[in-house]
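Okay, structure first, notes after.
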Amino acid sequence: MWWIYPLLLLFCFIDGFLPPVLPSETLIVALSAVSVTSGQPNLWLLALAGFLGAISGDQVAYRIGRAAGAGGFRWMRGARAQATLHWARRELDKRGAMLILTARYVPVGRVAVNFTAGTTRFPLRQFTVLDLIACATWIGYSIGIGIVAGAWVDQHPLLGAALAIAIAIVMGFLIDHAMQGISRFRRRRLDRSTSALTTAASAPAAVDVEKPAPQPVGKNARSKSA
577 MWWIYPLLLL FCFIDGFLPP VLPSETLIVA LSAVSVTSGQ PNLWLLALAG
627 FLGAISGDQV AYRIGRAAGA GGFRWMRGAR AQATLHWARR ELDKRGAMLI
677 LTARYVPVGR VAVNFTAGTT RFPLRQFTVL DLIACATWIG YSIGIGIVAG
727 AWVDQHPLLG AALAIAIAIV MGFLIDHAMQ GISRFRRRRL DRSTSALTTA
777 ASAPAAVDVE KPAPQPVGKN ARSKSA
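Every position in the sequence shown, counted from 1, becomes a number in my numbering once 576 is added.
Below you can see the structure in the form of structure tokens.
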């Protein structure tokens, strides 16, 4: 099964810069589940092939984004793609490191972030370091799902692969929605803070009116009254 490794590398490579028809983690978790139940393919070689493919694909996406800019390709001009790219650009400006580390777990999100990092001239060295960490943890996460699923259905490699794929899809869905929820929560909190500051700035300042101090009654005033 030597051909599995270059095939996986190619699959992860393409998945880094093209909208995926089938996310590359589905293949990783399926092969990992099969490995647990049948002994092949080798898990370490799977991890190496997936890691190298993911890193290479992300680097290509970054460089294409840097060269072409937003809207450089037809698929990037659609409403959904533009909305995703706009979100990625906004989040990169606010918290670039966290976004690069977490977007790797979201199939469409990672492509948008990779392109946008290049488009916005995010520092290449910083992007590469963060992407190395993200890809390493992503590989461990994907293989871990496959191992768990394969152990649950021992002696049934196809069932284990199907279960692993289902778990990976659900996890990706949950991570995607969690990221969107956090983004919406922070945006609402920022809007409330901005609104409060605007209201405070536009409120009229209170004017202190000093009351005249009572004048002491002198001797002359008392004598006149007398």
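Note that beta-carbon positions come from the ideal geometry of N, C-alpha and C, so glycine has one too.
Here the structure is a predicted model, which means the values were calculated and not measured.
Measure how close the beta-carbons of residue i and residue j come, nearest whole angstrom, since I'm counting them as under 8 Å.
i, j, result
"A630", "G722", "Not quite, the Cβ-Cβ distance comes to about 16 Å (not below 8 Å), so this is no contact."
"F619", "I719", "As written in the sequence, residue 619 is Leu, which differs from the Phe given in the question. With 8 Å as the limit, L619 and I719 qualify as a contact, their Cβ atoms being about 6 Å apart."
Keeping to the same chain, check which residues put their C-beta closer than 6 Å to that of residue i; ignore five residues upstream and five downstream.
i, result
"C711", "F627, A630, I631"
When you compare only the Cα positions, how much space is there between residue i and residue j?
i, j, result
"W579", "K670", "42 Å"
"G716", "L621", "13 Å"
"Y638", "A673", "15 Å"
"D634", "W728", "33 Å"
"P599", "L624", "18 Å"
"R666", "A659", "11 Å"
"F703", "L675", "11 Å"
"T713", "E601", "12 Å"
"I604", "P683", "13 Å"
Under three-state DSSP, which class holds residue i?
i, result
"N618", "coil"
"M674", "helix"
"P582", "helix"
"L598", "coil"
"F682", "In the sequence under discussion, the amino acid at residue 682 is Val, which differs from the Phe named in the question. In this structure, V682 counts as coil in the three-state DSSP scheme."
"T692", "helix"
"A781", "Bear in mind that a pLDDT of 48 at A781, under 50, signals an unreliable position, so the model cannot answer this."
"G633", "helix"
"F589", "helix"
"R639", "helix"
Go through its chain and collect everything with a Cβ distance to residue i's Cβ below 7 Å, but skip five positions before and after it.
i, result
"L677", "L706, I709, A710"
"G615", "none"
"A679", "G685, R686, V689"
"F589", "G629, S632, G633"
In its own chain, which residues sit with a C-beta less than 8 Å from the C-beta of residue i, not counting the 5 before and 5 after it?
i, result
"R642", "G694, T695, R697"
"P617", "M577, I580, Y581, L607, V610, S611"
"L700", "Y638"
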